[in-house]
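Residue numbers for the sequence shown follow the working numbering, beginning at 230 and rising by one.
Don't be surprised by glycine CBs; every beta carbon is placed ideally from N, CA and C.
Right, one structure below, let's go through it.
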Amino acid sequence: MINCQIPTGLIVSCQAPADSPLHDPIVIAAMARTAINRGASGVRIDTPAHVAAVRQQVSAPVIGIWKQQLAGCEIYITPRFEDARAIALAGADIIAIDATLRNRPAGEDLKTLIDRIHKELGKLVMADVDTIESAIAAAEAGADTVGTTLFGYTPQTESFSPPGFDLLAQMVAKLKIPVICEGGISGPSMAQKALNLGATAVVVGGDITGIDIKVTAYASFIQLTVDS
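Below you can see the structure in the form of structure tokens.
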């Protein structure tokens with residue numbers, strides 16, 4: 230039995246580069262708790278260790294992923310059932326998976342993966358997609374919600390930059406399940422635009438929690454100014 234609802238409004242992605250001091254379960258959990266305390270309805274967390282730490286700190290919905298780089302496979306966001314199971318056991322309420330139309334590892338079928346997550350793990354599934362075709366396929370395969378997460382990050386969409394507002398509008402018009410806007414949101418006005426287009430929720434990551442990227446950008450710009 231699945232006892233979780235899809236979060237609405239603001240979802241904060243609390244992640245950090247693997248080489249960052251912030252890439253620590255205690256730090257990520259503190260980020261997540263802060264996000265919830267300040268009004269976020271849910272958080273998106275990578276790796277079982279971080280999900281487990283966050284689960285101890287927050288009762289709000291946790292969207293869990295596990296980024297895995299597998300040899301010969303382009304799919305890396307929770308690519309296999311075993312990855313989904315590890316995230317579920319760590320305490321995630323919703324499992325986010327790569328649901329693009331690319332080949333899955335070991336020939337795993339998307340519908341079978343979603344069915345197993347529902348039946349064996351009792352978790353909802355967020356399908357991370359890149360195109361309207363993959364969004365429709367994910368919905369037909371049983372996904373509970375679909376996100377624009379991979380728009381701009383696949384060979385089919387790499388010539389575009391997120392956020393994928395046009396894709397979002399198409400998904401809202403064609404799908405009967407909640408649609409989440411994720412990727413490229415760099416300010417409250419952009420989040421508001423996504424919601425006005427019909428998104429159920431907006432995932433914001435780097436603009437809120439991307440300290441490494443933001444400090445690097447500031448430092449580089451200031452150094453250029455000093456050197457000029």
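Legend entry - Counterpart residues of Asp327 in DSSP-defined beta bridges: Asp357
Inset, instruction - Could you name the residues of the same chain whose beta carbon sits closer than 7 Å to that of Gln385, not counting the 5 residues immediately before and after it, in chain order? - result: Asp359 and Thr360
Inset, instruction - Assess, as a yes-or-no matter, whether the region 411-419 is touched by the region 429-441 under the definition of 3 or more beta carbon pairs within less than 8 Å. - result: yes
Inset, instruction - Check whether the Cβ of Glu387 lies closer than 7 Å to any heavy atom of the ligand NAD, and answer yes or no. - result: Inclusion of the ligand NAD in the displayed structure is not the case, the ligand content being empty and no account of it being possible.
Legend entry - Val432 classed as buried or exposed, judged by whether at least 16 other C-beta atoms fall within 10 angstroms: buried
Inset, instruction - Under the assumption that Ile294 contacts Ile306 (Cβ atoms under 8 Å), give the Cβ distance between them as a whole number of angstroms. - result: 5 Å
Inset, instruction - Tell me whether the beta-carbon of Pro290 lies closer than 8 Å to the beta-carbon of Gly271. - result: yes
Legend entry - Terminal residues of the alpha helix (DSSP H) in which Ile409 lies: Run containing Ile409: none in the alpha helix (DSSP H); it sits in the beta strand (DSSP E), Val408 to Glu411.
Legend entry - Enclosing alpha helix (DSSP H) for Ile240 [first to last residue]: Note, Ile240: premise wrong, no alpha helix (DSSP H); beta strand (DSSP E) at Gly238 to Ser242.
Inset, instruction - Could you work out which residue in Ile406, Ala420, Pro236 and Ala372 is closest to Ile292 when comparing CA atoms only? - result: Pro236
Legend entry - Terminal residues of the beta strand (DSSP E) in which Val375 lies: Thr374 to Gly376
Inset, instruction - For the beta strand (DSSP E) containing Arg314, list its first residue and its last residue. - result: Per DSSP, Arg314 belongs to no beta strand (DSSP E); it is in the alpha helix (DSSP H), Phe310 to Ala319.
Legend entry - Alpha carbon of Lys296 to alpha carbon of Asp456, nearest angstrom: 39 Å
Legend entry - Endpoints, alpha helix (DSSP H) assigned at Arg333: Element bounds for Arg333: n/a, residue is neither H nor E.
Legend entry - Residue environment, Pro391, which counts as buried when at least 16 other CB atoms sit within 10 Å: buried
Inset, instruction - Would you decide whether Gln452 is buried or exposed? Buried here means 16 or more other CB atoms lie within 10 Å of its CB. - result: exposed
Inset, instruction - Please report the Cβ distance between Arg309 and Glu337, rounded to the nearest whole angstrom; I am assuming they are in contact, meaning their Cβ atoms lie under 8 Å. - result: 6 Å
Inset, instruction - Report yes if the CB atom of Cys243 is closer than 8 Å to the CB atom of Ile265, and no otherwise. - result: no
Inset, instruction - Label Ser449 either buried or exposed according to how many other C-beta atoms from any shown protein chain fall within 10 Å of its C-beta, with 16 as the threshold for buried. - result: exposed
Inset, instruction - Classify Ile414 as helix, strand or coil using the three-state DSSP reduction. - result: coil
Inset, instruction - Would you list the one or two residues that DSSP bridges to Lys296? - result: Ile306
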